[in-house]
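Here the protein sequences come in this chain order: B and U.
Using the working numbering, read the first sequence as starting at 484 and increasing by one per residue.
Using the working numbering, read the second sequence as starting at 8 and increasing by one per residue.
Comments concern the structure below.
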Amino acid sequence: MTAPLVRLEDVHKAFARASGPSWRLWRERLRVPVLSGVTFEVEAGGRLALLGANGAGKTTVLKSIATLLTPDSGRVEVCGFDAVRSGRQVRELVSYVLADERSFHWRLTGRQNLEFFADLNGLSKTATRQRIRRLLDRLDLSSAADMGFWQYSTGMKQRLAIARALLVRPRVLLMDEPTRSIDASHAAEAWQLVREEIDAADGCLVLVTHQLQEAFSLCSRVAILADGRVALETTADSLHAVTADLDGFTLTVRSLSSAALAAGQAFPGVREFRLCSQMGDEQVVELWAADATFALGDFLGKLTESGVTVCALQRTTPIQGVLQRLLHAPVPREALA
Amino acid sequence: MKTLRAFLVRDFRVAWSYRMSFLTQNAGLFFSLLSLKFVGNLFDGSSSPDLAPYGGDYFAFALVGMAVSFLSYPAVKSFAGAVRGSQVTGTFEAMLTTRASAGAIVFSGGAYPILLSAVQLVLAIVIGLVVFGVEVSPDHLLMVGVVLVLTMAALIGLGLLAAAFVVAFKQPEPFSGALLAASLMLSGGLYPPSVLPGWIEAFSPLLPLTHSLELARQLLLEDAARTSLGVHFGALALFALTVPAGLLALRLALSHARRAGSLAQY
């Protein structure tokens, strides 16, 4: 069995809620746990997607691997090196695509920015020139290479961040929502490049994303973070099978009765129709349906006939739905009037 | 060295992108020296007992004072400024994920302004020599070099302490400004400390720049008296011990920021 390239074992991390009184006991009480025992491994060739709601701790996990954060307890290892004690060795193996698009020098050109980071990574002049040319070409940035970074669009900045992370061919590539502003064709090309680079380095990828399709197409495994832990770790294929034919909606309604809820649940094609929360006289309801057999218009008509006022309807992105379905219990039906 | 080169190239490129400012900087130096020359003309012919140990020429006295003082501001301020600047622009975390060590990143981040000030120091002396006819002794140039290295070490140590404060507390540090203001008043950049009231003058040996200026003048100015050189060298060497203290403080501050998750916060 091959040793994992990345291994997290029972990692805990809490942050101070805000700057406050400095005596230690009080500060401890103000600490908010973000990671409460995260454990996972990624082997060579592995591509793991980290999913989770905002604030679930995904970026905290990446920063712990990249040595930007020290866990309160637990162990983070990269190729057997402890990320806290052997930070330098770990940084030689890891590259990190930060979510922050500001992480470049705005007065420099794209090429000059890459040259700067190549120097910090100790690349030779020849290697720098070759890598930059290849990466800019593959990421369709060659024509913009000598433009000032301040002239770049958000998508171009993100592609440049990917290029920066790939300057050194890393064993461990960490990516934090790297394609959220990149158009589909450029994203596809970027992913192809990432696959090639990981394969060439016999490396691995840990990807944070909110785009389920991206996770499915790029990653072999998926881990869902919730309440500071890995709530679910499975193969991308099996999670895809669960979500493939689902269509999700979030409805804000008034006057939802138990009878109306039961009628909704019995409607053809509905997989799940459940109350999520109640605020004043409004209820938020989640609807999951098999997209092949479900007629939304008829469903809304039926709901209105049973005395329910539909105030708002919003399509749920699959990731939200998957997380809610997997991680949150519905409000009991007894809560309804 | 590669890290240092990367930062020097980066900062030169950024400075060059503001060409007008880059080019007018040195013109400003010339006009500052010209002003000092006119002030010096006021004292021409009068014999001040406070200037006598330095040869009696006020312009030569002030020229050395100004040139050496050039070093103090960037040496004390630039590391903290570089850290804070990179936190604000969002590049600090990106740099810390590279293979360069955190210490090298902070040190190299502040190197360009120091190098620039060293160039201005030399330029000021050359202008003083060539344009204004100041007489400089060539006999002790090597020792002047040692003085400047020790001065840099003493001030860089304080600069690293200031940078550690920025990393640890996520806010501009207040100490270097106070130190520079005190140095301006007490160290004798534009007047000898001996003109200060006795109880204020007593504080001037507590500042590294006082010893640097004293040594630089005694060694450079043709007619200056050379006294207590060993004392001043010893004092500067003591101040230079702040370098390991600064490096240690920076290491502890980075470790604290990694635990607190505040590396990128400002």
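Every residue gets a Cβ at the ideal spot worked out from N, C-alpha and C, and that includes glycine.
From the beta-carbon of U/Val21, the residues of chain B found nearer than 8 Å are His588, Arg590, Leu591.
Sorting U/Gly140, U/Thr105, U/Ala131, U/Ala111 by C-alpha distance to the C-alpha of B/Phe600 places U/Thr105 at the top. Beta-carbon to beta-carbon, B/Arg737 and B/Thr792 are separated by about 4 Å, close enough to satisfy the 8 Å threshold.
Proximity of B/Gln748 to chain U, defined by a Cβ-Cβ separation below 8 Å, is not satisfied. Per DSSP, U/Gly241 has no beta bridge partner at all.
A distance below 7 Å between beta-carbons, with the five flanking residues on each side excluded, links B/Val517 to the following residues of its chain, in chain order: Lys496, Ala497, Phe498, Gly540, Thr543, Gly711. For B/Tyr635, the nearest beta carbon of chain U is not closer than 8 Å to its own beta carbon.
From the beta-carbon of B/Phe498, the residues of chain U found nearer than 7 Å are Gly268.
Between the alpha carbons of U/Phe172 and U/Ala189 lies a gap of roughly 20 Å. The alpha carbon of B/Trp771 has as its nearest neighbour, out of B/Gly763, B/Leu758, B/Asp764, the alpha carbon of B/Leu758. B/Ile665 and B/Ala582 have their C-alpha atoms roughly 13 Å apart. Contact between B/Leu622 and B/Arg642 holds, with the beta-carbon distance rounding to 4 Å and staying under 8 Å. With the rule of 3 Cβ pairs closer than 8 Å, the region 69-79 of chain U counts as touching the region 115-128 of chain U.
Around the beta-carbon of B/Asp720, fewer than 16 other beta-carbon atoms lie within 10 Å, marking it exposed.
Only Thr96, Gly97, Thr98, Glu100, Ala101, Met102, Leu103, Thr104, Thr105, Arg106, Ala107, Ser108 from the region 88-110 of chain U bring a Cβ to less than 8 Å from some Cβ of chain B.
The straight-line gap separating the alpha-carbon atoms of B/Tyr579 and U/Tyr119 is approximately 27 Å. Taking a beta-carbon distance threshold of 8 Å, B/Glu660 does not count as an interface residue toward chain U. Against chain B, the beta carbon of U/Ser24 has neighbours under 9 Å at Arg590, Leu591, Gly631, listed in chain order. Between B/Phe699 and B/Phe632, the gap from beta carbon to beta carbon reaches 8 Å or more. Within chain B, no C-beta atom comes nearer than 9 Å to that of U/Lys84; the closest sits roughly 20 Å away.
At least one CB atom of chain U sits nearer than 8 Å to the CB of B/Arg585. DSSP places U/Gly35 within a helical segment (H, G or I) once states are collapsed to three. The Cβ atoms of U/Leu248 and U/Ala170 do not sit closer than 8 Å to each other. DSSP places B/Thr726 within a helical segment (H, G or I) once states are collapsed to three. Within the same chain, Cβ atoms closer than 6 Å to the Cβ of B/Ala566 are found at Thr550, Val559, Val573, the five residues on either side in sequence being excluded. Contact between U/Leu165 and U/Val90 does not hold, since their C-beta atoms are separated by about 15 Å, which reaches or exceeds 8 Å. For a Cβ distance threshold of 9 Å, residue set Val16, Arg17, Arg20 of chain U lies close to B/Gln595, ordered along the chain.
Interface residue (Cβ-Cβ distance to chain B less than 8 Å): U/Ala13 is classified as such. Among the CB atoms of chain B, one or more fall inside 8 Å of the CB of U/Arg265. As DSSP reads the structure, B/His495 sits in a beta bridge with B/Ser519, B/Ser556.
The Cβ atoms of B/Ala683 and B/Pro653 do not sit closer than 8 Å to each other.
Shown here, B/Ile615 sits in a helix according to DSSP, grouped into three states. Note: B/Ser760 is bridge-paired with B/Val767 in the DSSP secondary-structure output.
Under the 8 Å Cβ criterion, the region 222-237 of chain U does not count as touching the region 92-102 of chain U, having fewer than three qualifying pairs. For the pair B/His669 and B/Ile707, the Cα-to-Cα distance works out to about 27 Å. A distance below 6 Å between beta-carbons, with the five flanking residues on each side excluded, links B/Gly528 to no residue of its chain.
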